[in-house]
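Inspection log for the structure reproduced underneath, given as structure tokens.
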Amino acid sequence: MRDAMVARMSDTNKNILAFDTALTGCNVAFTGAEGQRLTKQIETQRDQAKFLVPMVQDILGEAGVEFKDIDIIASTNGPGSFTGLRLGLATARSLGLALNKPVVGVNTFDFMLTHYRSIGVTGDILIVLETKRQDFYAQGFNQKDSAITDMMATSSEEILDSVDIKGVMVGGDCLERFVAEASVKDMALLDNVTQPDPILLCDIVSKRPSSVDNMRVEPIYLRGADISLPKKVPRTLKS
């Protein structure tokens with residue numbers, strides 16, 4: 059089976075379709091070669107699969123383009139909701155294969171960082187994201203947007219140990235829980251953001267030279283999936 063192509067150059071004046079289902083909700087955006095900039099967002103924790111493709115169809119209709127006119131397809135690739143990020147990537151890959159178009163992934167830390175930069179936040183930023191467990195996803199960036207920590211899935215204390223908390227601002231989608239569980243209370247907090255504008259995904263793709271290394275299509279999990287084991291030992295037949 060052939061794989062979807064991966065974009066390998068800076069792409070401007072292209073028709074770019076992008077979506078995020080790894081964070082909260084279902085978020086779709088389109089930027090067009092003729093200047094179109096359209097977004098659709100639904101805040102939901104469930105049924106993203108029911109909404110995503112109809113939202114894509116709607117936004118392309120509003121943009122006045124057809125599927126064949128898409129030049130690049132982008133999806134967030136994690137970390138985030140296991141179900142959500144797999145849905146987004148599977149949809150992006152399916153479209154890429156069907157249309158013979160390049161597919162790229164944008165990690166959710168870059169997505170969130172780009173949101174804060176777009177509203178004028180400067181300086182070092184620590185991005186903290188919800189895992190729906192006792193830990194957090196996190197990564198720190200300096201004022202030039204270079205990573206100052208690895209991506210991690212760990213406790214609030216280990217995250218704080220990884221950065222100089224007095225020198226960074228903390229942003230993300232779970233700041234209330236992070237502050238409540240952290241030993242340091244006098245952090246410089248940014249606004250809590252659960253659904254960044256998906257148009258930023260299109261902007262990321264159009265402005266950055268893309269490669270397998272920095273825009274890979276594979277999912278970023280950072281930790282294993284939660285698996286519910288059966289509580290009862292299954293009965294076996296005696297031979």
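For the sequence shown, the tail end lands on 297 under the numbering used here, and the numbers increase by one without skipping. We put the CB at the ideal spot given by N, CA and C, even for glycine.
CB contact flag (residue i, residue j, <8 angstroms)
i    : j    : result
G136 : L143 : yes
V162 : V263 : yes
I217 : A196 : yes
Q32  : P256 : Coverage of the chain is limited to positions 59 through 297, which leaves residue 32 absent and any answer about it impossible.
L96  : E120 : yes
F194 : F236 : yes
A314 : L280 : The question about residue 314 has no answer, for the chain in this structure spans 59 to 297.
S133 : F88  : no
V186 : V228 : yes
Member of the options whose CA lies at the smallest distance from the CA of residue i
i    : options                   : result
D168 : G154, L157 and I183       : I183
S152 : I131, N73, T166 and T172  : I131
G154 : V275, S214, Y195 and Q197 : V275
H173 : L280, L248 and I217       : L248
K108 : L118, T141 and D261       : T141
R175 : N200, E188 and K190       : N200
N71  : S214, P277, C260 and Y279 : C260
R266 : T149, A240, R104 and D203 : D203
E215 : T149, K190 and S241       : S241
M209 : N250, L258, Q106 and I278 : I278
T149 : L171, S213, V114 and M170 : V114
G198 : I223, Q106 and N250       : I223
Exposed unless 16 or more other CB atoms sit within 10 angstroms - verdict on residue i
i    : result
D231 : buried
E234 : exposed
Q192 : exposed
I177 : exposed
P112 : exposed
K159 : buried
N165 : buried
Q103 : exposed
S268 : At S268 the pLDDT is 49, less than 50, meaning the model places this residue with poor confidence and gives no usable figure here.
Own chain, CB closer than 6 angstroms to residue i, minus 5 neighbours either side, in chain order
i    : result
D271 : Confidence at D271 is low in this model, with a pLDDT of 43, below 50, so its placement is unreliable and no value can be given for it.
S220 : T207
D116 : none
E188 : D231 and C232
E239 : S214
L75  : F88, I128 and I131
Same chain, Cβ closer than 7 angstroms to residue i, five either side skipped, listed in chain order
i    : result
N73  : G90, A91, V123, D127, I128 and D129
Q253 : L81, T82, G83, N85, Q99 and E101
G225 : D182
S139 : A80
L157 : F125, K126 and I128
L258 : F169, T172, H173 and S176
Q106 : T79, C84, G142 and L145
Nonlocal neighbours in the same chain, by C-beta distance under 8 angstroms from residue i, ignoring five residues either side
i    : result
K243 : V237
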